[in-house]
Amino acid sequence: MVTVSYYCPRCETLAELERDAALRDKCVTPEPLDGWEYLPAYELDGETDPQERADGVELVCGASESTDEGCGEPYYLSFIRYEHGEELDPRVGTVDANFDFLR
């Protein structure tokens, strides 16, 4: 386990999260990424791989024991996701291949 620091994207309050060093971070955003599922930070137990349970972690600014400041708003640490061996880009939506443009 390692302690990793993240800044709130709204107010820049620093938070620390104790987690497995092998987690692959994608980004920290003020809103959840479309299609990503998030695990509350308090559910990180250190025994199971959070990437097997969710696509990221929901943090609440100021809820960490290491700080008594913060805006109290949630923000989201997203992990890198793969589909068919390719890294997914969260900014690109899925396309419905069955959509008929002629209708």
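Residue numbers (our numbering): 1 to 103. Note that the Cβ used here is the ideal one computed from N, Cα and C, for glycine as well. Note that the coordinates shown come from a computational prediction; the quantities given were computed from them, not determined experimentally.
Element boundaries [alpha helix (DSSP H), containing P50]: P50 to R53 is the extent of the alpha helix (DSSP H) around P50.
Can you tell me the Cα-Cα spacing of R10 and G85, whole angstroms? 33 angstroms
Could you check if A22 is buried or exposed, using at least 16 other CB atoms within 10 Å of its CB as the buried criterion? The residue in question, A22, is exposed, as its Cβ has fewer than 16 Cβ neighbours within 10 Å.
Option in R53, R24, R19 and D49 with minimal Cα separation from Y38: Of R53, R24, R19 and D49, the residue nearest in Cα terms is R53.
Burial state of S5 (16 or more Cβ within 10 Å): exposed
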